[in-house]
Structures are given as structure tokens and as C-alpha cells.
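J.:
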Amino acid sequence: MSHQQAATRSESVNAALIGGVLCAMLAGSAFAAWPTDPASPLVVGSAEGTFGPRQSMLVSDDGAVWVSWQDSFCVGSVRAQRIAPDGTLLSVDGIETQDDPTCGFLLPPMMVTSGDSIVLGRAQSPTQEFPLQSLLPDGSPRWTPGYIAGDISYLQAGSSLGNGEIVLASWGNNFHLRVDRLDAAGDSVWGGETLLPSITGSNYRVIAAVPDELGGAIVFWDAPTAYRRVAYVNRVDEDGSIAWSSSVRIFGTDLFNEGSRHTPPVAVRDGAGGAVFVWTHGQESGSTPVPIKMQRVNNDGSLSFPFEGVRVSTSADRQFDADVERDEATGDLLITWRNGFLAETSVRAQRMTLTGERLWGDEGVEITPLNDMNDAFDAVWNNGTLAVAIADDNGVRVHRVDGSGTPIDETWTAASSGPAESVVMKAADDALVISWQHNGPGNDDPILAQRINPNGLLGGPMCNAADFTGDGSLDVFDVFAFLDAFNNAQQPADFVPDGLFDIFDVFAYLDAFNAGCP
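In terms of numbering that gives the first Met the number 0, the numbers along the sequence shown are unbroken and rise by one, the last being 517.
1. Assuming valine 423 contacts methionine 56 under a Cβ cut-off of 8 Å, what Cβ separation, rounded to an integer in Å, is found between them?
2. In whole angstroms, what separates the C-alpha of threonine 144 from that of glutamate 128?
3. Is it buried or exposed for asparagine 487, if we count other Cβ within 10 angstroms and need 16 for buried?
4. Can you tell which of Leu105, Ala208 and Leu195 has the C-alpha that lies nearest to the C-alpha of alanine 156?
5. Residue range of the beta strand (DSSP E) that aspartate 221 falls in?
6. Which residue from Ala184, Asp238, Asp137 and Ser158 puts its Cα closest to that of glycine 191?
7. Should the stretch 435-449 be called in touch with the stretch 31-46, which here means at least 3 C-beta pairs below 8 Å?
8. According to DSSP, what are the bridge partners of tryptophan 278?
9. If you draw a straight line from the C-alpha of serine 345 to the C-alpha of asparagine 370, how long is it?
10. Keeping to the same chain, check which residues put their C-beta closer than 8 Å to that of aspartate 493; ignore five residues upstream and five downstream.
11. Ends of the beta strand (DSSP E) at valine 323?
12. Am I right that serine 421 and tryptophan 435 are in contact with their C-beta atoms under 8 Å? What's the rounded C-beta distance?
13. Taking the straight line between their C-alpha atoms, what separation do you get for threonine 87 and glycine 458?
14. May I ask you to report which of helix, strand or coil DSSP gives isoleucine 502?
15. Just to confirm my understanding: we take alanine 511, look at its own chain, exclude 5 residues before and 5 after, and list those with CB closer than 6 Å. What are they?
16. Would you mind stating whether isoleucine 247 and isoleucine 206 have Cβ atoms separated by less than 9 Å?
17. Report the CB separation of isoleucine 136 from aspartate 61 in whole angstroms; it is logged as a contact under 8 Å.
18. Counting C-beta neighbours from all protein chains within 10 Å, is the total for threonine 112 16 or more, i.e. buried, or is it exposed?
19. Within this structure, are the beta carbons of glutamine 318 and arginine 295 separated by less than 9 Å?
20. With a threshold of 16 other CB atoms inside 10 Å of the CB of glycine 18, please say whether the residue is buried or exposed.
21. Under three-state DSSP, which class holds aspartate 408?
22. Using C-beta distances below 6 Å, list every residue in its chain close to threonine 193, excluding the 5 sequence neighbours before and after it, in chain order.
23. Which residue or residues does DSSP assign as beta-bridge partners of asparagine 370?
24. Between which two residues does the beta strand (DSSP E) holding phenylalanine 340 run?
25. The alpha helix (DSSP H) that contains asparagine 486, what's its start and end?
26. Can you check which of these residues, Asn381, Ala183, Ala430 and Asp401, is closest to aspartate 85 by C-alpha distance?
27. Quick check on asparagine 233: does DSSP put it in helix, strand or coil?
28. In the DSSP assignment, find the beta strand (DSSP E) that holds cysteine 102 and state where it starts and stops.
29. Where does the unbroken beta strand (DSSP E) through histidine 261 begin, and where does it stop?
30. In three-state DSSP terms, what is tyrosine 508?
31. In the DSSP assignment, what are the bridge partners of proline 170?
32. What is the DSSP secondary structure of glycine 19, reduced to helix, strand or coil?
33. Here's a check: name, in chain order, each residue in its chain whose Cβ is nearer than 8 Å to the Cβ of glycine 339, leaving out the five neighbours to either side.
34. Would you say valine 323 and valine 58 are within 9 Å of each other, going by their C-beta atoms?
35. Taking buried to mean at least 16 other C-beta atoms within 10 Å of its own C-beta, is asparagine 233 buried or exposed?
36. Can you tell which of Tyr203, His175, Val275 and Tyr146 has the C-alpha that lies nearest to the C-alpha of proline 210?
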């Protein structure tokens, strides 16, 4: 059903979105700027309760950062906030996009970019009751009243296809998985239903809808068995037809080759029309090794590796919560995971080729030990470096590993105080943007954010390397900030760079300062 067909619904369906936009218009754009002090991060918006992963974050084509979240643990709203490249907020507390009638059900909203706009909805919400929304950069609705996917369809996953188009995968109660392709106007490109048989009935979850580079999508889902999970995949062509005559089971058919029910798998594109699926092997004993494995699904539905997949690490430690990044230059995958159990928990990473070769040794490399086995982390591959953000009771910090797997000594601090939870990090041009939830007193648990420049300095985009305050201009405050970093032997002040802090760094800084902004 297109958004035009949904127009007969009551205007109350969009009351939350319209009210949110009016509030934003009355308030005007909320002035803010990316902070330079790790003790004072940017406040994205309010939230109540901390229950694990909370917010979604994306970077739109215009370089703006969008964050969406459910603002209450029991009956509230789905909110969205746009942060301009300079740190300006759309509205002080974001805008309400949908009512949220649920209680105790918190998931990051389903959100994808569509050019300079976003498309979002509450995760697993029925689109008949809560149509999918699209917001313009000023927060106003792009689709009215929204998009409804079929008779009984619940949002599960989505991806951007480029040119403003998106692909959606929804769960239905009719034992089929529904796939839709929408154009920038919110209309169906295929004009009809594309339904994938779920094989396991209605008891399944969609993992991802991965673009296949040709206008279609490779859709992954899994379903529970008695103690573990099994996963399947099929591909939908650019015209909406089902590419493979039957869905493919991704790993082995016996009980001992199923996936873990405790940690979600991840699927990403391989850059050649196929996709890579990464999962944790399923076991129930607390001391049994559970390795992370990888499988490559080709465009024709064939598998590159045996059913048991390829191990990412040969370590006997337990391996959970895989995060997968892709190096566009080489096609390699950067896989980060939670390693170990209880007090012996750390974050480790591996670089895998698409042929299954482990480039950072058989066990990968350690990023950092964790203070608590439940500390949150997220990883981004940017500027030839794997950056890993850790959120814990002490705040948020970023550890880095270069392309060869060598840890970089310097740690960047995004937030100097906590407790911090639910961390998400994205690359915005050559910078890193991090959002997290602060576990405050009572129900005061706001969503916060910070931006880190390539040299490790916090703040907005730098006009050149001498712009230490990150405000896009050069003045005496930049000189003071440089001198402060120089006197404290901080890496951004090593302008030569040679690992020393001496008069040559001062001369190099003055040269950059005198060159002025472009």
C-alpha cells in the first residue's frame, strides 16, 4: 500500500510528528556547537531508563548526523534529532516523530538515510498503526501521512540503495517475510508485494536487508530451535522478483552447527553483489568455547565456505557481539567482538579477507580489556584506522588500531565521566561522531554526543590543523589551546610529528596558523 492509499487514515496518526515539528518551528533552530571539553558533551535529547542499546545514528548525504531513540521505558515517543556538521541542533530535545505505546520494550528505531533526509519508524512496530515516516533536514515530514507496508507488517530492517531509494524488510503474521523498495517520494518501486517464505512459520526475526549493488537486496533472517538459532538468506532482484528458487540455510544442518541465541549475527555487503554473514556458534554451557564464524553468500546463492564457516579467531575464549566494518579500498572486513567471560573480558579485533584469511594473526589483536563484561562498544573503519569506542562507568574513550593490526598508544577521550551506555559511532567525513546514553540520577538518562577530529581534538570541523578550537576560524583562542596541548605533551601539538614536543612543533604550528583558513 502506498502512502497515498494510506491517506484515508485518521489525522491523529501523525499527531506526534506534527506536534513535534510545530514545537521545533516555535523554538527555531537550537543553537549549539560541538563541544571541545570531554566533561561537557553535546546534549542530543532526553530519555528515561537505561536498558541496553537505545539509539540509532546515521550520517546523511549532506554530512549531518541524525539520532533517533525511544524516549521512555513505558509509553512515550520516538524522537529524532539532526545535528548539523557544525553541531547545530534541529531542536533542543529533538522532535517527536511517533507515539510509543509500549512499556518495557526498548529497541533502536529502524532508521535509514534517503539523500539528505531520513526514513524511520519504531522497531517492530506495525506500519498499519504507525506508518513509516520520512523527515526533511528541517524536521518537516516528507511523506504524508507515511508509508504502510501490506496488511499486517512489522518493521524489521532497512537499507539505503542510493538516489533516495530504500529497501525494507518487514515481518508479517502470514508466514512470509515482506520486502519493499521505495523511491524518494515514498512510493513502491515494485508496485506489488514481494514475499519470501519464512520456512519456519511466523517465528523469525529479520537480521538485515543488504543491498546487492544492482538495485535489489540480499535478505537474512533467523529463527529459534530448542536452544539455538538457524539462519536463512534469499535475494530479491531489482524488479522485485525472488532471485533464488529456494532460500539458503547459511550454516550446517546438524544441532552442533547452529547459531547462538544470546548474541545477534551481522550481515554486510561484500562489494561484489554478495554479502558476508558473521555469527557466534551456539552453545549453552557457560564454559564452552563459542567461536565467531564468517560465511560469504555469493550473488547466485552459493556459499564460499563450508557450512561450518570460517573462524575469525582460533582462540578457545567465548566470542560475542560481533561488529563488522568494511574497508572499501581492499574489500577486507574488520571484525570486532567481546572476548572472554566474566572478569576476563576484553574487546578484540580481526582483519579478514573475503577469501577467509585471518590477517591479524590466528587470534586477532586485543583492543582493550573491559572493566565490566557488559561495557558497550562500537567500531568504525575510517582514515585507514579501526577506531573502537568504549562506554563504561568512567565515560567514553576511543582506542585505535592501524591497518596492519598494530595498536596505537594514544587513547582519545570523548567523555570524561559516566556511567555511559549504549554507545554508537559513525564516520562523518574524516571525523568520528559518537553518541551514547548517560545513566543519570533517577530517570534523567539523556542521549549525548561528541565529535572527534582526525588529530584527536574534540569540536567542530577544523579549517586547518591550527584550528584547535574547531570553530572554523583562527584566533588567539586556538593559540591558547595549542599551547595547553603543547605544555601537556598531547599528540595534536606534535606538529612535525616526531614524537617530541619542541620549538620545531611551535614553528610548524605558526606556519599553519599564518596560512589562514581556506
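By construction, the Cβ of each residue, glycine as well, lies at the ideal position given by its N, Cα and C atoms.
T.: Looking at the coordinates:
1. The sequence position of residue 423 within the sequence shown is 424, counting from 1. The sequence position of residue 56 within the sequence shown is 57, counting from 1. Correct: roughly 5 Å between the Cβ atoms.
2. By 1-based counting over the sequence shown, the position of residue 144 is 145. By 1-based counting over the sequence shown, the position of residue 128 is 129. The amino acid at residue 144 is misidentified as threonine; the sequence shows proline. Each residue's Cα considered, the two are about 11 Å apart.
3. In the sequence shown, the residue the question calls residue 487 occupies position 488. Of the residues assessed, asparagine 487 falls on the exposed side of the cut-off, its CB having fewer than 16 other CB atoms within 10 angstroms.
4. Looking up residue 156 in the sequence shown gives position 157. Nearest option by C-alpha distance: Ala208.
5. The residue labelled residue 221 in the question sits at position 222 within the sequence shown. Its beta strand (DSSP E) spans residues 216-223.
6. As a first step, residue 191 is located in the sequence shown; it is residue number 192 there, counting from the start. Answer by Cα proximity: Asp238.
7. The stretch 435-449 vs the stretch 31-46: in contact.
8. By 1-based counting over the sequence shown, the position of residue 278 is 279. BP columns for tryptophan 278 point to Lys292.
9. Numbered from its first residue, the sequence shown carries residue 345 at position 346. Numbered from its first residue, the sequence shown carries residue 370 at position 371. Going from the Cα of serine 345 to the Cα of asparagine 370 covers about 8 Å.
10. As a working note, residue 493 is residue 494 in the sequence shown. Around aspartate 493: Leu499, Phe500 and Asp504.
11. Against the sequence shown, residue 323 aligns to sequence position 324. From DSSP, the beta strand (DSSP E) with valine 323 extends over 318-325.
12. Translated into the one-based positions of the sequence shown, residue 421 becomes position 422. Translated into the one-based positions of the sequence shown, residue 435 becomes position 436. The C-beta distance from serine 421 to tryptophan 435 rounds to 6 Å, short enough to meet the 8 Å contact threshold.
13. Sequence index remark: in the sequence shown, residue 87 carries index 88 (1-based). Sequence index remark: in the sequence shown, residue 458 carries index 459 (1-based). Computed Cα separation, rounded: 12 Å.
14. In the sequence shown, residue 502 corresponds to position 503, counting from 1. Residue state, collapsed to three classes: helix.
15. The residue you call residue 511 lines up with position 512 of the sequence shown. So the list reads Asn463, Ala464 and Ala465, once near-sequence residues are dropped.
16. The residue labelled residue 247 in the question sits at position 248 within the sequence shown. The residue labelled residue 206 in the question sits at position 207 within the sequence shown. A quick correction: the sequence has valine, not isoleucine, at residue 247. Against a cut-off of 9 Å, the Cβ pair of isoleucine 206 and valine 247 comes out as no contact.
17. The residue given as residue 136 occupies position 137 in the sequence shown. The residue given as residue 61 occupies position 62 in the sequence shown. A small fix is needed here, since residue 136 is proline in this sequence, not isoleucine. With a Cβ gap of about 7 Å, proline 136 and aspartate 61 count as contacting.
18. Position 113 of the sequence shown, counting from 1, holds the residue named residue 112. So threonine 112 ends up on the buried side.
19. As a working mapping, residue 318 is identified with position 319 in the sequence shown. As a working mapping, residue 295 is identified with position 296 in the sequence shown. Contact: no.
20. Within the sequence shown, the letter at position 19 stands for residue 18. Because the pLDDT of glycine 18 is 44, which lies under 50, any placement of that residue in the model is unreliable, and the number read from its coordinates should be weighed accordingly. Glycine 18 is exposed by the Cβ-count criterion.
21. Working through the sequence shown from its first residue, we reach residue 408 at position 409. Aspartate 408 falls in the strand class under three-state DSSP.
22. Here the question's residue 193 lines up with position 194 in the sequence shown. Same-chain partners within the cutoff: Val178, Val235 and Gly239.
23. By one-based count along the sequence shown, residue 370 stands at place 371. In the DSSP assignment, no residue is bridged to asparagine 370.
24. Position 341 of the sequence shown holds residue 340. First-last of the beta strand (DSSP E) with phenylalanine 340: 332-340.
25. Within the sequence shown, numbered from 1, the residue matching residue 486 stands at position 487. Annotation: the continuous alpha helix (DSSP H) that includes asparagine 486 extends over 475-486.
26. To locate residue 85, count along the sequence shown from 1; it is residue 86. In terms of CA proximity to aspartate 85, Ala430 leads the group Asn381, Ala183, Ala430 and Asp401.
27. Numbered from 1 along the sequence shown, position 234 holds the residue referred to as residue 233. Reduced to three states, the DSSP call for asparagine 233 is strand.
28. Looking up residue 102 in the sequence shown gives position 103. Cysteine 102: member of the beta strand (DSSP E) spanning 94-102, first to last residue.
29. Reading the sequence shown from its first residue, position 262 is the one you call residue 261. Segment: none, histidine 261 is in no beta strand (DSSP E) and carries neither H nor E.
30. Mapped onto the sequence shown, residue 508 falls at position 509. Reduced to three states, the DSSP call for tyrosine 508 is helix.
31. Here residue 170 refers to the residue found at position 171 of the sequence shown. Going by the sequence as given, residue 170 is tryptophan instead of proline. Note: tryptophan 170 sits in a beta bridge opposite Tyr153 and Leu176.
32. Walking along the sequence shown from the start, residue 19 turns up at place 20. Confidence in glycine 19 is poor, its pLDDT being 48 and thus under 50, which makes the residue's placement too unreliable to answer from.
33. Here residue 339 refers to the residue found at position 340 when the sequence shown is read from its first residue. Only Asp316, Arg317, Ser345 and Met372 meet the Cβ criterion.
34. Taking the first residue of the sequence shown as 1, we reach residue 323 at position 324. Taking the first residue of the sequence shown as 1, we reach residue 58 at position 59. Taking 9 Å as the Cβ cut-off, valine 323 and valine 58 do not qualify as a contacting pair.
35. By 1-based counting over the sequence shown, the position of residue 233 is 234. It is buried - the Cβ of asparagine 233 has at least 16 other Cβ atoms within 10 Å.
36. For the purposes of this step, residue 210 is identified with residue 211 of the sequence shown, where counting begins at 1. Cα-wise, what sits closest to proline 210 is Val275.
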